[in-house]
Amino acid sequence: MLIRVSYGTAIAMGLIKAKMLARPTTAYLMIYHNGRCINNCAFCPQARESRADLKKLSRVTWPVFDLKTVLEKLKNGKFARICLQTVDYEGLEEDVLALLGAFYGLNLPISVSITPVDRRYLQKFKKLGVDYIGVGLDAASERIYNKIKESLYSWDEMWRFTKDIIELFGEKKAFVHLIIGLGETDKEALETIQKAYDIGADVSLFAFTPIKGTKLENLKPPDLNRYRKIQIGHYLIKNEIKRVEEFKFDAKGNVLSFGINKEDLMRVLQEIAVMTHGCPGCNRPYYNERPSNEPYNFPVKPKEEYLIKLIEKNL
């Protein structure tokens, strides 16, 4: 059986010899499928009509290895958890179960990012060590979702799936993935973040990354300062410091303020606001940007003065 391993994870495992600027604390793996996903998300290299390299997911390369080799490397204790990415195809659920069965003896917590599946599969996943499920909503508004997802699953079906996960796994065990930079407004993104937390989900933010061969290959990544504002709003919502109804937006939906003055924001905001936010043990290094650029999501804690400069620049 074969499996894809993210390039950084493969380096950390010793499967590839290369320089590593930030070690992944989670083992990022992807199910191997000899073909494209049946969905057609405009940003995704794996999409049905994409011309991109199948070894790509976002800007990361995922080379193929024998599962037995990877299982041996996972025994070295270097990883806090396994994160399994999936593409959608007929028979996916049973293939995921086979992989989870292979992982089971490692005694590592497991996250699975997957399109909606029947509740009985979610129950089986849980019995095999899965404690978090990633939900690829991706688009931060229904308006954008209907334009760029071209998915078998509607906006409402994705939210129903999220609620199924919460009912079976518990609050904050469903991670709603949102990609910033697909054409949504700040208001739309922050309202969707609020909705996720209101139903008991958690949120992982990603920055749109243009990949050659996808429908959106010519769309630019989001402005970094704008992304930071979404991160600040996310932090305030997640920690129940402020609600989106307290934020102020202009007529175009751009966030103007968070209903909190600079001094109070400086007091409550922490560095984790701009760090990768995901399952326990997740740092996802350089998933959205080259190592030479300032990361959208820091894989390690930035210096304390970074927040001071951030607040002065953005508010």
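So for the sequence shown, the working numbering puts the first residue at 45; every next one is plus one.
Beta carbons are placed, not taken as given, at the ideal position from N, Cα and C, and that holds for glycine.
Given the structure is predicted, the values throughout are model-derived calculations rather than measurements.
Opening and closing residue of the beta strand (DSSP E) in which residue i lies
i: A146; result: Counting along the chain, A146 falls outside any beta strand (DSSP E), though it belongs to the alpha helix (DSSP H) covering 136-147.
i: M74; result: 70-75
i: V318; result: V318 -> no beta strand (DSSP E), and no H or E assigned at all.
i: Q129; result: 125-129
i: L300; result: 299-301
Under 8 Å between C-beta atoms of residue i and residue j
i: L118; j: L143; result: no
i: C85; j: E186; result: no
i: G257; j: P107; result: no
i: L128; j: L46; result: no
i: K345; j: E315; result: yes
i: G364; j: E290; result: The question about residue 364 has no answer here: the residues shown for the chain are numbered 45 through 359.
i: G227; j: I274; result: no
i: P324; j: Y330; result: no
i: A184; j: I224; result: yes
i: K231; j: F293; result: yes
i: M74; j: L101; result: yes
i: L222; j: L181; result: yes
Where residue i falls, given that 16 or more other Cβ within 10 Å makes a residue buried
i: D242; result: exposed
i: L166; result: buried
i: R48; result: buried
i: S157; result: buried
i: E235; result: buried
i: G214; result: exposed
i: Y176; result: buried
i: L65; result: exposed
i: G145; result: exposed
i: D132; result: buried
i: N341; result: buried
Selected residue, minimal CA-CA separation from residue i, among the options
i: T159; options: R287, S102, F219; result: F219
i: L172; options: E290, V299, L141, V247; result: L141
i: F250; options: N120, N305, A233; result: A233
i: T53; options: E356, R92, T105; result: T105
i: G79; options: L136, K282, G178, C323; result: L136
i: H77; options: V288, L98, M202, H321; result: L98
i: A91; options: T320, K347, L196; result: L196
i: L354; options: R67, L313, A62, F123; result: L313
i: D162; options: S155, K207, A240; result: K207
Segment limits, alpha helix (DSSP H) that includes residue i
i: G257; result: Taken as a continuous stretch (DSSP letters only), G257 belongs to no alpha helix (DSSP H), as it is neither H nor E.
i: D308; result: 306-312
i: L46; result: No alpha helix (DSSP H) contains L46, which is instead part of the beta strand (DSSP E) from 46-49.
i: G173; result: Taken as a continuous stretch (DSSP letters only), G173 belongs to no alpha helix (DSSP H), as it is neither H nor E.
i: I276; result: 268-282
Quick one: complete beta strand (DSSP E) runs, 3+ long, within the segment 208-266? Secondary structure in the segment 208-266: the beta strand (DSSP E) runs of 3 residues or longer, each lying completely within the stretch, are 218-224, 246-251 in chain order.
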